[in-house]
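**Q** Got a structure here, written out as structure tokens. Questions coming.
In my numbering, the protein residues as written are 34 to 409.
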């Protein structure tokens, strides 16, 4: 989605896409593309009890081969640059590297997530895939890292660039109204984003802690595929807490009814590297909504660092959800603090995260890879 905002919603580049991911039959891309996929026999094997092995072997081996239809389409399109998404890891990234070498073109790789985030890798093969992930980083003429944490984790590179995600809407009209007056009514706290992995249980723990403290807070959770417990799922649906996945215009309208936006980042060893290297797009989306933000996550998260640098969001780095709820109650009772956070968030947005600032830096980095024009 981030690169849709860079390359499709803007007209700085001519785009041709080779992909295996066109799964929406009613979507007609506004750019030329070619579809390719893994062999059918391998797809069948990945659905057996040996699936984790074959999924990993696929990522290790298939990227060494360029499908004929991709190679023919590339020669017809005659690109100046090959670009791929390097993280999470996928065999198509390795294929892009092979294509760039075969056509003698610069390779750009974007590292949006750590290599093993949300993909199946057999534990015995995980070290090999991590080496391939890091090898792609070193082989890229331009490596785009979603955060300083990602760049630090991947190490030295002659041409790496921190490319933050782009928020979803213009911020221009979102900061006009005064901060919402809550008074004696419950504060409405909202979350919009991924509810899978560790985020679902974190959201469940916040709501449960709020109930245990009899806090004057109402919750609205927007997203799909929540990973919280079945008991909480029934409760969240009955009470209108779980609002499902909404079309963007509806989501934007609903978010305007909230008083506070929650940004959770996972605690624990199982998600530490993912959270250390990521930068959540929803933080930047939140900035465009013009609502105070509460970040809940470990000290090492990029979102925590940035929020503290600008004092643009209230921060809680303790994993105890009861302490988080207490911070929410304090914010409810302090319109002055909420107004301060909102002003600081606006300044942070303009200083570092404005979409045009991020996009202009990316285009400049890409142009530096192109051959210098011949003198006329």
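Just so it is clear, CB atoms sit at the ideal spot from N, CA and C, and this is done for glycine as well.
In this text the structure is predicted, and so the values were computed from the model without any measurement.
If I measure Cβ to Cβ from residue 38 and keep anything under 6 Å in the same chain, skipping five residues before and after, which residues do I get?
**A** The residues are 199.
**Q** Just reading off the beta strand (DSSP E) that residue 220 is part of, what are its end residues?
**A** From DSSP, the beta strand (DSSP E) with residue 220 extends over 220–225.
**Q** Following the continuous alpha helix (DSSP H) through residue 116, name the residue where it begins and the one where it ends.
**A** It is not in any alpha helix (DSSP H) - residue 116 instead sits in the beta strand (DSSP E) that spans 115–120.
**Q** Should residue 113 and residue 403 be called a contact, given that it needs their Cβ atoms to be closer than 8 Å?
**A** Going by C-beta atoms, residue 113 is nearer than 8 Å to residue 403.
**Q** By the DSSP assignment, the beta strand (DSSP E) with residue 255 in it spans what residues?
**A** First-last of the beta strand (DSSP E) with residue 255: 250–255.
**Q** To the nearest angstrom, report how far apart residue 180 and residue 53 are at their CA atoms.
**A** Their Cα atoms are separated by approximately 27 Å.
**Q** Output yes or no for whether 8 Å exceeds the beta carbon distance between residue 293 and residue 222.
**A** For residue 293 and residue 222, yes; Cβs fall inside 8 Å.
**Q** Could you name the residues of the same chain whose beta carbon sits closer than 7 Å to that of residue 284, not counting the 5 residues immediately before and after it, in chain order?
**A** Cβ neighbours of residue 284 beyond the five flanking positions: 225, 255.
**Q** With distances taken from CA atoms, which of 276, 300, 61 is nearest residue 333?
**A** Closest option to residue 333, Cα to Cα, is 300.
**Q** I think residue 135 touches residue 99, with their Cβ atoms under 8 Å apart; what is that distance to the nearest whole Å?
**A** Indeed, because the Cβ distance is near 7 Å, the residues count as touching under 8 Å.
**Q** Answer yes or no: do residue 414 and residue 322 have a C-beta to C-beta separation smaller than 8 Å?
**A** It is not possible to answer for residue 414, since the shown part of the chain is limited to 34 through 409.
**Q** Provide the residue span of the beta strand (DSSP E) that contains residue 299, from first to last.
**A** From DSSP, residue 299 is part of no beta strand (DSSP E); its letter is neither H nor E.
**Q** Per DSSP, which residues does residue 144 bridge with? Please list them.
**A** In the DSSP output, where bridge partners are listed per residue, residue 144 has 120, 178.
**Q** Please confirm whether residue 190 and residue 176 have their CB atoms less than 8 Å apart.
**A** Yes, the pair counts as a contact, with Cβ atoms nearer than the cut-off.
**Q** When the Cα atoms are used, what is the spatial distance from residue 102 to residue 67?
**A** Using only the alpha carbons, I get a separation of about 8 Å.
**Q** Beta-carbon within less than 7 Å of residue 72's beta-carbon, same chain only, minus the 5 sequence neighbours each way: which residues are those?
**A** None.
**Q** Rounding to the nearest angstrom, what Cα-Cα distance links residue 126 and residue 115 in this structure?
**A** Those two C-alpha atoms are separated by around 10 Å.
**Q** Relative to the C-alpha of residue 153, which candidate in 87, 214, 296, 117 has its C-alpha closest?
**A** Considering only alpha carbons, the answer is 87.
**Q** Using DSSP bridges, identify the partner residues of residue 66.
**A** The partner list for residue 66 (beta bridge, DSSP) reads 50.
**Q** Cβ of residue 308 less than 8 Å from any chain E Cβ?
**A** No chain E appears in the structure shown, which is made up of a single protein chain.
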